[in-house]
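S.K.: Below are the structure tokens for one structure; questions will follow.
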Amino acid sequence: IEVNSSEMENREQYWKTANNNYARNAVSSNAIDYQSLQQKWHYDTGSKGEIVFSTPAVTSEQIIVVTEMGWVVSINPHTGLEDCSVRIRASNRSTPTVEEGMIFLTGGADQTLYALDINNGNIIWSKHLGQAAVYEAPLYRDGVLYVGSGLDTNANVFAFTAATGELIWKIVFGGEAFF
-11 IEVNSSEMEN REQYWKTANN NYARNAVSSN AIDYQSLQQK WHYDTGSKGE
39 IVFSTPAVTS EQIIVVTEMG WVVSINPHTG LEDCSVRIRA SNRSTPTVEE
89 GMIFLTGGAD QTLYALDINN GNIIWSKHLG QAAVYEAPLY RDGVLYVGSG
139 LDTNANVFAF TAATGELIWK IVFGGEAFF
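This note's numbering puts the first residue of the sequence shown at -11, with every later residue one more than the last.
Here is the structure:
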């Protein structure tokens, strides 16, 4: 895909979470003429697995993708080259959220919420949720990270301090929390 870097640098908001907004309705103010798009580069996940359910998170300097095999990969949006990658466990279908220099994502079947350093993929903090959080994309707002977990009727919703992972509150949702 052809990317004009000067346009990217002037944008205040990138595609930093699932569907790009808090309502998660995939509405964007950007109109794209798909007929004018040209492929600039291609990235092959290869042995790291496929991107099955998650969507990339995009900043001016990184495209963050998550694979089914638990890899979190940072790709340079200008060159298509991999900046870094880290495997955080087995199956992962979470769409990452990027804020405060961190990548937030759920670990899928390992029942863990992760905060990774966006520059090198190192784990800054992690929290075991006690329930699978397979598809959930963490929601960030005003320094607080919200995430649901659980594939049964006892699902929980959590609020964490994004910078430290400190639990603010936890409530029983009373239903399933798939997305």
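Note that the Cβ used here is the ideal one computed from N, Cα and C, for glycine as well.
Just so we're clear, the structure is a prediction, and the values are computed from it rather than from any experiment.
Residues in its own chain within less than 6 Å of Thr43 by CB, not counting five upstream and five downstream?
M.R.: Same-chain partners within the cutoff: Thr83.
S.K.: Whose C-alpha, out of Gln50, Val86, Ala143, Ile159, is nearest the C-alpha of Gln119?
M.R.: Ranking Gln50, Val86, Ala143, Ile159 by Cα distance to Gln119 puts Ala143 first.
S.K.: Go ahead and label Gly95 buried or exposed: buried means 16 or more other beta carbons lie within 10 angstroms of its beta carbon, across all protein chains shown.
M.R.: By the neighbour-count rule (16 or more Cβ atoms within 10 Å), Gly95 is buried.
S.K.: Helix, strand or coil: which one does DSSP assign to Tyr128?
M.R.: It is a strand residue.
S.K.: Does the contact criterion of 3 or more C-beta pairs under 8 Å hold for the stretch 125 to 132 versus the stretch 49 to 63?
M.R.: They do not touch, by the three-pair rule.
S.K.: With a threshold of 16 other CB atoms inside 10 Å of the CB of Ala150, please say whether the residue is buried or exposed.
M.R.: Buried, by the Cβ-count rule.
S.K.: Tell me whether Tyr134 sits in a helix, a strand or coil according to DSSP, three-state version.
M.R.: In the structure shown, Tyr134 sits in a strand (DSSP, three-state: E or B).
S.K.: Smallest Cα separation from Lys115: which of Asn107, Tyr134, Val54?
M.R.: Cα-wise, what sits closest to Lys115 is Tyr134.
S.K.: Just to confirm my understanding: we take Arg75, look at its own chain, exclude 5 residues before and 5 after, and list those with CB closer than 6 Å. What are they?
M.R.: Cβ within range, chain order: Gly58, Trp59.
S.K.: Where does Gln87 land, buried or exposed, given buried means 16+ other C-beta within 10 angstroms?
M.R.: Note on residue identity: the sequence assigns Glu, not Gln, to residue 87. With 16 or more Cβ atoms within 10 Å of its Cβ, Glu87 is classed as buried.
S.K.: With DSSP run on the structure shown, which of helix, strand or coil describes Lys36?
M.R.: Reduced to three states, the DSSP call for Lys36 is helix.
S.K.: Who does Asp105 pair with in a DSSP beta bridge?
M.R.: Paired residues: Met90.
S.K.: Considering only DSSP beta bridges, list what Ile76 is partnered with.
M.R.: Per DSSP, none; premise fails for Ile76.
S.K.: In whole angstroms, what is the alpha-carbon distance linking Gln99 and Arg81?
M.R.: Gln99 and Arg81: Cα-Cα distance of roughly 12 Å.
S.K.: Please classify Ala103 as buried or exposed, where buried requires at least 16 neighbouring CB atoms within 10 angstroms.
M.R.: Answer is buried; the Cβ neighbour count reaches 16.
S.K.: With 16 as the cutoff for other CB atoms within 10 Å, does Ser137 come out buried or exposed?
M.R.: Buried: at least 16 other Cβ atoms inside 10 Å.
S.K.: For Ile52, tell me which candidate among Leu25, Ala97, Ile106, Gln23 has the shortest Cα-Cα distance.
M.R.: When only C-alpha atoms are compared, the closest one is Ile106.
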